[in-house]
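K.L.:
The structure follows.
In the working numbering, the protein residues as written are 658 to 747.
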């Protein structure tokens with residue numbers, strides 16, 4: 658029984674990027690704030706399995722209660738994360 662629970666926990670482990678997203682959302686929730694405005698872009702950068710687990714967390718935490726997310730978007734491949742543009746140092 659304990660081995661099955663351990664295997665399930667390992668299978669549901671969040672990546673560092675997903676964990677950072679959840680930690681940020683939790684801090685915002687505790688501070689009474691909304692999600693960051695760029696949350697869809699950050700979610701899209703996650704692999705689909707990680708994105709789905711984060712979305713489930715966000716819904717359970719009370720975020721996204723009135724947001725519709727198409728299934729095609731949720732399961733689409735991860736898009737590259739946007740990198741800040743280099744500053745011009747002349």
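Yeah, the Cβ is synthetic: ideal placement off N, Cα and C, and Gly gets one too.
Counting C-beta neighbours from all protein chains within 10 Å, is the total for residue 725 16 or more, i.e. buried, or is it exposed?
P.N.:
Answer is exposed; the Cβ neighbour count stays below 16.
K.L.:
Looking only at C-alpha atoms, which of 708, 680, 673 and 714 sits nearest to residue 728?
P.N.:
The candidate whose alpha carbon is nearest that of residue 728 is 708.
K.L.:
Look at residue 735 and residue 697 and say whether their C-beta atoms are less than 8 Å apart.
P.N.:
The answer is no: Cβ separation not under 8 Å.
K.L.:
If contacts are defined as beta-carbon pairs under 8 Å, then residue 702 and residue 673 qualify, I think. What distance do you get, rounded to the angstrom?
P.N.:
Wrong, their Cβ atoms sit about 12 Å apart, outside the cutoff.
K.L.:
Quick one: what's got a C-beta closer than 8 Å to residue 683's C-beta in the same chain, skipping five residues either side?
P.N.:
Excluding residues within five positions, the ones whose Cβ falls inside 8 Å are 718.
K.L.:
Spatial neighbours of residue 711 within its chain, please: C-beta separation below 7 Å, excluding the five flanking residues on both sides.
P.N.:
Once the five neighbours on either side are set aside, the close Cβ partners of residue 711 are 675, 678, 679, 700 and 703.
K.L.:
The alpha helix (DSSP H) with residue 721 in it runs from where to where?
P.N.:
Counting along the chain, residue 721 falls outside any alpha helix (DSSP H), and DSSP gives it neither H nor E.
K.L.:
When you compare only the Cα positions, how much space is there between residue 720 and residue 671?
P.N.:
Taking the straight line from one Cα to the other gives about 19 Å.
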